[in-house]
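Have a look at the structure below before the remarks.
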C-alpha cells in the first residue's frame, strides 16, 4: 500500500485522537538524526554513523520513561516513528502539528540545541506559548535557548563544519 504523507498524517492523528485530548500531553525533544554526536561523527569518521541515531534514540526514550514515572500525563516520545520515504522535514512538519494539537509542555534533553529538528520544535513551542523545560527541569526561555543554539553553531564551526542551518535558528 502506497500512502501519501497527508494520508499517513491523517491516520496518525486519528489514532492519537482515540487516546489524547487537546493540549494534554508532554513532548520530549532532542536530537535523533543530528545533534552534537552527528557533527563529531562527521569529523571523526567522515560520515554520520548508525550509532548516532541509536544513541540519540536511547537517550530520548530513557528520558521519556523517566518523565512518565514523574508526571501524571501522557509523554510522547518521537523516536519510534520511522516512515519509509519520509525525510527530516517531513518529521519536523508532522511533529510541529502534533505539538500544536496535543502538547501542553515540551522537555528538551541536553544537547537539543545541536539538532535541526529540536531547534525548530523549540521555537515553535516558544511562538505558540507551550512551556519549555530543560532536562534538569529548569524553564527554558527564548533567551536561554537562543544562547544555547548560538553556542552550538559556534562549536560546529570550530569543527570546520557548516553551521548555516543552526545559525538560521538563532532569533
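Residue numbers (the numbering used here): 788 to 958.
Glycine included, every Cβ here is placed at the ideal spot set by N, Cα and C.
Please classify residue i as buried or exposed, where buried requires at least 16 neighbouring CB atoms within 10 angstroms.
i           : result
residue 833 : exposed
residue 804 : exposed
residue 925 : exposed
residue 874 : exposed
residue 865 : buried
residue 847 : buried
residue 904 : buried
residue 845 : exposed
residue 816 : buried
Quick check on DSSP: helix, strand or coil for residue i?
i           : result
residue 884 : helix
residue 812 : strand
residue 851 : helix
residue 926 : strand
residue 835 : coil
residue 958 : coil
residue 819 : coil
residue 933 : helix
residue 843 : helix
Going by DSSP, what residues sit across from residue i in a beta bridge?
i           : result
residue 892 : 813
residue 802 : DSSP lists no partner for residue 802.
residue 862 : 813
Where do the N-terminal and C-terminal ends of the beta strand (DSSP E) with residue i fall, by residue?
i           : result
residue 920 : 919-921
In the DSSP assignment, the alpha helix (DSSP H) including residue i goes from what residue to what residue?
i           : result
residue 830 : 823-832
residue 952 : 951-955
residue 899 : Segment: none, residue 899 is in no alpha helix (DSSP H) and carries neither H nor E.
residue 904 : 903-914
Going by CA-CA distance only, name the one from the options that's closest to residue i.
i           : options               : result
residue 789 : 870, 936 and 841      : 870
residue 906 : 802, 858 and 938      : 938
residue 814 : 852, 842 and 799      : 852
residue 893 : 903, 902, 911 and 880 : 911
residue 932 : 956, 795 and 850      : 956
residue 807 : 890, 844 and 947      : 890
residue 822 : 835, 810 and 812      : 835
residue 917 : 854, 837 and 886      : 886
residue 920 : 897, 951 and 934      : 897
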